[in-house]
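Peer 1:
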Amino acid sequence: MIKAIMFDLDDTLLWDERSVNESFAETCQKAAEKYPLDPKQLEEKVRDAARKLYASYETYEFTKMIGINPFEGIWGNFRDDTEDFQKLARIAPQYRKDAWTLGLKALGIEDEKLGAELAELFPKIRRTKHYVFDDTYPVLEKLKKDYKLLLLTNGSPDLQSEKLSGVPQLKTYFDYIVISGSFGRGKPDASLFQYALNLLGVTNKEAIMVGDKLTTDILGANNTGITSVWINRSKKQRSEEIVPDYEIASLTELFSILNEKK
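In this note's numbering, the protein residues as written are 31 to 292.
#1: Let me check one thing: in DSSP terms, what residues is Leu44 bridge-paired to?
#2: Under the DSSP definition of a beta bridge, which residues are partnered with Thr183?
#3: Counting only the same chain and skipping the five closest in sequence on each side, list residues whose C-beta sits under 6 Å from that of Arg48.
#4: List, from N- to C-terminal side, the beta strand (DSSP E) runs of 3 residues or more that fit wholly inside the region 230–270.
#5: Just to confirm my understanding: we take Asp176, look at its own chain, exclude 5 residues before and 5 after, and list those with CB closer than 6 Å. What are they?
#6: When every heavy atom of the ligand COA is checked, does at least one fall within less than 8 Å of the C-beta of Asp164?
#7: Less than 9 Å between the C-beta atoms of Asn184 and Ser210, yes or no?
#8: Under DSSP, the beta strand (DSSP E) around Tyr125 begins and ends at which residues?
#9: May I ask you to report which of helix, strand or coil DSSP gives Ile272?
#10: Measuring straight from C-alpha to C-alpha, what distance separates Phe152 and Glu142?
#11: For the region 131–138 and the region 76–83, state whether three or more C-beta atom pairs, one from each stretch, are separated by less than 8 Å.
#12: Apart from the five residues on each side of it in sequence, which residues of its chain come closer than 8 Å, Cβ to Cβ, to Val232?
#13: Identify which residue in Glu192, Phe204, Lys217 has its Cα closest to the Cα of Asp46.
#14: Just grab the DSSP bridge partners of Ile35 for me.
#15: Answer yes or no: do Asn289 and Ile278 have a C-beta to C-beta separation smaller than 9 Å?
#16: Just tell me which of Pro274, Lys266, Glu88, Leu137 has its CA closest to the CA of Glu113.
#17: Compute the beta-carbon to beta-carbon distance between Gly250 and Leu227, rounded to the nearest angstrom, for a pair I have assumed lies under 8 Å.
#18: Thr57 to Leu181, Cα distance in whole Å?
#19: Flag this pair as yes or no: are the beta carbons of Leu170 and Leu72 separated by less than 9 Å?
#20: Taking Pro69 as the reference, give the member of Asn51, Ala119, Ala85, Arg81 with the closest Cα.
#21: By DSSP, does Ile278 sit in helix, in strand, or in coil?
#22: For the putative contact between Pro218 and Thr257, defined by C-beta atoms under 8 Å, what is the C-beta separation to the nearest angstrom?
Written out as structure tokens, the structure reads:
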């Protein structure tokens, strides 16, 4: 019998992808007011530059392990205590500036000053973009009555807490919030899932994990014997390497799964 439900945060409950996409669109539009460029093309070039730069830093292995992506790097402050996060915080301002400057350069525009301006503008815009999916609050409201709920998110404690502060109602539904950067390992590491089970006081057979990423949420749950539920809102194709126990398109489908497992 299921007693507890673990939820991922980004793009499971919180619509992070929309926030990032809209922030890029608005920032790139500002560049298009100065130069005759295609905002979408600039976004592609900046994203590409950001990925390459991010992978070149000494912090890369740490960010991969904790689960911090390049596009969090271009707006996060990383005001966290550990040495690794402090390194990331020192790198971040130059990283942001270089990503935008290189993105412009890829379109034939040599303008470091504009690159620096866009690097400052993107985080400001991103901090105004806070969205949850339509099914998030209604489903959590119902589940809260009968189940223990735990939020299990990869990332920097500072940045993930900032995201949650933008939607303060969300935190109220959870008995526990676990952020990988505070624990020291990220999903899919089995020790993080075991830690979550211990907090909840349940066995792996008494919990389910709901998340949108096969390589973190679903793999981690599968490896620890927790029932895995892949929320696939955008109908992505699934590889055969990581197979969830259940696949849903909306959080409302959780109720039938829970009824089945009673």
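Note that beta-carbon positions come from the ideal geometry of N, C-alpha and C, so glycine has one too.
Peer 2: So, from the listed chains and residues:
#1: Asp40, Val162
#2: Ile209
#3: Tyr161
#4: 237–241, 257–261, all fully within the region 230–270.
#5: The beta carbon of Asp176 sits closer than 6 Å to no other beta carbon from its chain once the five residues preceding and following it are set aside.
#6: Within the structure as shown, the ligand COA is missing, as the structure has no ligands at all.
#7: yes
#8: Where Tyr125 is concerned, there is no enclosing beta strand (DSSP E), although the alpha helix (DSSP H) it sits in stretches over 113–135.
#9: Coil.
#10: 15 Å
#11: yes
#12: Lys33, Ala34, Lys178
#13: Selected option, being the one with the closest Cα: Glu192.
#14: Leu179, Ile238
#15: no
#16: That would be Glu88, whose Cα lies nearest to the Cα of Glu113.
#17: Incorrect: roughly 12 Å between the Cβ atoms, too far for contact.
#18: 31 Å
#19: Not closer than 9 Å, so no.
#20: Asn51
#21: strand
#22: About 15 Å separates the two Cβ atoms, so there is no contact after all.
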